[in-house]
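Have a look at the structure below before the remarks.
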Amino acid sequence: MKYPVCESKAYFSGEESFNIHRAEVSQVCLHTHDFIEIAYIENGSGIHILGNQKQQTRQGDLFIMNANIVHGFLTSGGKNKLGVINCIFQAEFLDEALADCGDDFLGAFYRIFFKSFLAVNGENPGYIRLSGGNGACLQQFLLRMLGEYDRKAKGYEAAVRASLTLLLIHAFRKEQEEQAFSEYTTESGTDAVERTIAYIGAHCEKPLHLQELASNVYLSPSYLSKLFKKHTRETLTHFIQRKRIQEVCRLLDTTGLSVKAAASEAGFRDMKTFYEIFKKHVGTTPASYRKRNDKTSL
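In the working numbering, the protein residues as written are 135 to 432.
This is the structure we're talking about:
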């Protein structure tokens with residue numbers, strides 16, 4: 135199927151090979167273009183169609199798309215719109231900045247993205263997507279470019295080129311980090327999470343800190359948190375609370391310990407916090423829980 139082609143001459147002014155602007159869209163029909171495009175979602179949510187894929191998109195998502203990529207945006211209609219910062223440019227705009235990057239990952243980025251306009255199949259999908267925080271942290275570079283491009287003060291092209299280069303460098307780094315994370319979660323993440331669960335089970339009655347749990351499996355705290363949530367669909371904090379509440383319930387069911395003693399035995403140090411967490415997880419107070427279960431066992 136043939137799709138409309140957006141040609142650069144309709145979007146670039148004069149001799150320019152770069153443009154950046156804000157837009158609000160409810161629908162962008164499937165199309166291709168002969169330039170590279172960066173789309174950052176400032177607000178709203180919808181669907182981004184990339185080739186034959188439909189991806190939910192929301193605030194903080196950032197897409198970098200090679201030339202000749204078929205894509206489009208959809209929202210649920212009505213007043214729902216996507217607020218987008220749209221940055222488009224030709225490869226030659228960055229020639230001077232990236233042409234001498236050598237064989238490291240910057241050179242690889244240059245070759246893949248700016249030397250392979252038609253390489254949209256195989257290992258190179260022709261686009262990068264960064265979601266949520268990974269995309270949002272690059273917004274600063276887009277805002278700098280917007281400011282420079284709108285003012286067009288002397289030297290603005292060099293300033294825009296510098297910010298764009300930094301954005302691409304950081305985007306490619308984060309893409310590599312996400313790929314490494316995906317590989318790790320597949321190969322070794324399960325083991326790290328299982329060891330963390332076992333550690334929590336063995337030390338649940340003691341104060342547990344994220345740094346301690348992370349050190350036990352030789353990961354950074356943020357990395358372990360992300361891994362744990364990916365594998366269990368539960369945060370570490372929620373998991374620890376749930377395990378402690380389960381232990382309190384077991385003690386209330388099988389021993390004559392007071393509520394306070396059972397809570398302390400399970401690892402709770404603050405009774406006010408304990409009562410709040412117990413009610414949240416069990417739906418009733420510890421006393422009511424014990425009374426209800428006593429009646430059940432008669």
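C-beta: ideal position from N, C-alpha, C; glycine also.
Closest by CA to residue i, which one among the options?
i	options	result
Gly335	Gly323, Leu361, Phe373, Leu298	Phe373
Lys136	Phe207, Leu280, Lys413, Ile203	Ile203
Arg295	Lys360, Gln224, Arg426	Gln224
Cys140	Glu149, Glu171, Arg156	Glu171
Glu328	Ala292, Lys215, Ala348	Ala348
Ile303	Ser179, Leu228, Phe152	Leu228
Val159	His337, Thr209, Ile411	Thr209
Cys338	Gly323, Lys377, Ser392, His415	Lys377
Thr191	Ser151, Glu176, Leu370	Glu176
Gln193	Gly266, Glu399, Arg367, Ile262	Gly266
Asp404	Lys340, Ile222, Ser356, Phe362	Lys340
Asn186	Phe207, Leu298, Ser179	Phe207
Glu147	His182, Lys286, Gln189, Cys163	It should be pointed out that residue 147 corresponds to Ser in this sequence rather than to Glu. Considering only alpha carbons, the answer is Lys286.
Ala292	Leu361, Leu391, Glu150	Glu150
Ser179	Lys213, His205, His165	Lys213
Ser297	Phe152, Pro138, Tyr145, Ala144	Phe152
Val416	Ser398, Ser392, Leu386, Thr299	Leu386
Lys406	Asp428, Glu399, Lys394	Lys394
Leu164	Tyr145, Pro138, Ala144	Pro138
Arg424	Tyr357, Ser359, Leu391, Gly401	Leu391
Quick check on DSSP: helix, strand or coil for residue i?
i	result
Asn427	helix
Gly206	strand
Thr388	helix
How is the beta strand (DSSP E) around residue i delimited, first residue to last?
i	result
Glu141	Neither: Glu141 is in no beta strand (DSSP E) and is coded neither H nor E.
Gly217	216-223
Leu264	261-264
Phe197	196-199
Kindly list the residues whose CB is nearer than 7 Å to the CB of residue i, restricted to its own chain and excluding five residues on each side of it in sequence; keep chain order.
i	result
Gln380	none
Tyr174	Leu196, Val218, Ile219, Gly269, Gln273, Leu276
Ser142	Asp168, Phe169, Gln224
Tyr333	Leu347, Asn350
Ile411	Gln375, Ile379
Tyr261	Leu184, Phe197, Ile198, Met199, Asn200, Ile203
Glu226	Ser151
Leu342	Ile334, Ile374
What residue does the alpha helix (DSSP H) around residue i start on, and which one ends it?
i	result
Phe275	273-285
For residue i, which residues of its own chain have a beta-carbon under 8 Å away from its beta-carbon, when the five flanking residues on both sides are left out?
i	result
Ser354	Ala348
Tyr290	Glu282, Tyr283
Glu309	Ile262, Leu264
Arg156	Glu176, Gly217, Val218, Ile219, Asn220, Leu280
Ile154	Ile219, Asn220, Cys221, Ile222, Leu276, Met279, Leu280, Tyr283, Val294
Ala326	Val351, Leu353, Leu358, Leu361
Ala400	Cys338, Glu339, Arg378, Ile379, Glu381, Val382, Leu385
Thr369	Ser359, Phe362, Lys363
Can you list, in chain order, the residues of its chain whose CB lies under 6 Å from that of residue i, leaving out five sequence neighbours each side?
i	result
Gln132	Lying outside 135 to 432, the shown extent of the chain, residue 132 is not represented and no answer is given.
request  = Just list the beta strand (DSSP E) runs in the stretch 136-189, keeping only unbroken ones of 3 residues or longer that don't cross its boundaries, in chain order.
outcome  = Listed in chain order, the complete beta strand (DSSP E) runs (minimum 3 residues) inside the stretch 136-189 are 152-159, 161-167, 170-177, 179-184.
inquiry  = At 4 residues or longer, what runs of the alpha helix (DSSP H) sit wholly inside the stretch 396-420?
reply    = Taking 4 residues as the shortest admissible run, the stretch 396-420 contains the following complete alpha helix (DSSP H) segments, listed from N- to C-terminal end: 405-416.
query = Curious, which full-length alpha helix (DSSP H) runs of at least 4 residues does the stretch 289-370 contain?
reply = Taken in chain order, the complete alpha helix (DSSP H) segments of 4 or more residues contained in the stretch 289-370 are 290-318, 324-337, 344-350, 355-366.
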